[in-house]
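Participant:
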Amino acid sequence: MLKLMKYEFRKTAFSKLILLSITLLSEIVYLLGIFLKKDVFLSSGIMFLVLCATMGILYIGLESVTVLHRDLNTKQSYMLFLTPKSSYQILGAKILENGISILITGAFFAALAAIDAAAAYFYVGGLKEVWNMVNDVLYVSMHISVDPVSIAFAFFTLLASWISYIVSADFAVILSASVLAGKKASGVVSFVIFIILSTLLGMGLDKVPALESRELTFALYIAVSLAVSVILYLISGWIMEKKLSV
3 MLKLMKYEFR
13 KTAFSKLILL
23 SITLLSEIVY
33 LLGIFLKKDV
43 FLSSGIMFLV
53 LCATMGILYI
63 GLESVTVLHR
73 DLNTKQSYML
83 FLTPKSSYQI
93 LGAKILENGI
103 SILITGAFFA
113 ALAAIDAAAA
123 YFYVGGLKEV
133 WNMVNDVLYV
143 SMHISVDPVS
153 IAFAFFTLLA
163 SWISYIVSAD
173 FAVILSASVL
183 AGKKASGVVS
193 FVIFIILSTL
203 LGMGLDKVPA
213 LESRELTFAL
223 YIAVSLAVSV
233 ILYLISGWIM
243 EKKLSV
């Protein structure tokens, strides 16, 4: 399994390197804004870092779906399915690598945000003033106004739900390449199935009850998201075992 995960990581390593490079440049702009006390640099750095975090995590998930689609519909990974590994192991390696990549990337940006907040506290003269600026940037660019604790909780619950949506997309891709293979409009049908699954998933997650503790509510939300991912993985693995022909 570890060898399979390493193989999957190599496929997406270049895009992760690009994301890291853009993040580094954005961080330099942000730090220049702090040290030189330039509001233009500071606000631009914050906006670019927020975009790197959101768009980067979205892309990491979507890239895994496109890689799976290529693996199942082209000859680029033909030898992968000739290895003495079950479909559960092959698919599990793909999902685990992507899930771990999403979580590590999320943790990286969360840690970077904490470091940047600390740097702003020491060099700008107060964390509250910097947070007000961050809030202004978020409101102008995304029309949202939130507090730091809410951002932290919402961020990691979104990561968990995003993973479940990606596994749903994997399920649709596997259906298209197996059960629906050779049929007219198989891609359209699988896409419709993904939309239906995503809608049901979103409706289900909206029904997660609010507990007395906000922390427990978010933990339950994450647990439900990951449970859905496991169920879809097991179904997808079974379909690959029984119906897939590569």
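Quick note: to get our numbering, add 2 to the position in the sequence shown (first position is 1).
All residues carry an ideal CB built from backbone N, CA and C; glycine is no exception.
The structure displayed is predicted, hence computed values, not measured ones.
Find the nearest neighbour of T219 within the set T14, F193, A156, judged by alpha-carbon distance.
Facilitator: Residue A156 is the option with its Cα nearest to T219.
Participant: Would you identify the three-state DSSP class for K39, choosing helix, strand or coil?
Facilitator: DSSP places K39 in coil when its eight states are reduced to three.
Participant: To the nearest angstrom, how far is it from the Cα of V232 to the Cα of T76?
Facilitator: Each residue's alpha carbon lies about 26 angstroms from the other.
Participant: Since I62 and T107 should fall inside the 8 angstroms C-beta cutoff, what is the C-beta to C-beta distance between them, to a whole number of angstroms?
Facilitator: So it is a contact: roughly 6 angstroms between Cβ atoms.
Participant: For the 8 angstroms Cβ check, are there 3 or more pairs between the segment 115-126 and the segment 21-41?
Facilitator: Yes: at least three Cβ pairs fall under 8 angstroms.
Participant: Between the alpha carbons of A115 and L19, how many angstroms are there, rounded?
Facilitator: Roughly 19 angstroms between the two C-alpha positions.
Participant: Please state whether DSSP places M3 in a helix, a strand or coil.
Facilitator: In this structure, M3 counts as coil in the three-state DSSP scheme.
Participant: Tell me where the alpha helix (DSSP H) around E214 begins and ends.
Facilitator: Taken as a continuous stretch (DSSP letters only), E214 belongs to no alpha helix (DSSP H), as it is neither H nor E.
Participant: Quick one: give me the first and last residue of the alpha helix (DSSP H) that T201 is part of.
Facilitator: That run of the alpha helix (DSSP H) goes 188-208.
Participant: Grouping DSSP H, G and I as helix and E and B as strand, with all else coil, what is S178?
Facilitator: Three-state DSSP puts S178 in a helix.
Participant: Exposed or buried, G250, counting other C-beta atoms within 10 Å across all chains shown (16 or more means buried)?
Facilitator: Absent from the structure is residue 250, since the part of the chain shown begins at 3 and ends at 248.
Participant: With distances taken Cα to Cα, identify the nearest neighbour of E99 among S192, T201, V194, Y9.
Facilitator: Among S192, T201, V194, Y9, the Cα nearest to that of E99 is on Y9.
Participant: Does L246 come out as helix, strand or coil in the three-state DSSP assignment?
Facilitator: Coil.
Participant: Does DSSP put S2 in a helix, a strand or coil?
Facilitator: As displayed, the chain neither begins before 3 nor continues past 248, which places residue 2 out of reach and without an answer.
Participant: In three-state DSSP terms, what is A183?
Facilitator: In the structure shown, A183 sits in coil (DSSP, three-state: anything other than H, G, I, E or B).
Participant: Leaving aside the five residues before and after N189 along the sequence, list all residues of the same chain whose C-beta is less than 7 angstroms from its C-beta, in chain order.
Facilitator: Here residue 189 turns out to be Gly, not Asn, going by the sequence shown. For G189, where only same-chain residues beyond five positions count, the Cβ hits under 7 angstroms are S178.
Participant: With C-beta atoms as the reference, is M7 less than 7 angstroms away from A95?
Facilitator: A contact, by the Cβ cut-off of 7 angstroms.
Participant: According to the neighbour-count rule (16 or more other Cβ atoms, all chains shown, within 10 Å of its Cβ), is G101 buried or exposed?
Facilitator: Buried, because 16 or more other Cβ atoms sit within 10 Å of the Cβ of G101.
Participant: Give the secondary structure of M144 by DSSP, where H, G and I count as helix, E and B as strand, and everything else as coil.
Facilitator: Caution applies to M144, whose pLDDT of 48 falls short of 50 and renders its modelled position unreliable; the value that the coordinates give is listed next. Note: M144 maps to helix in three-state DSSP.
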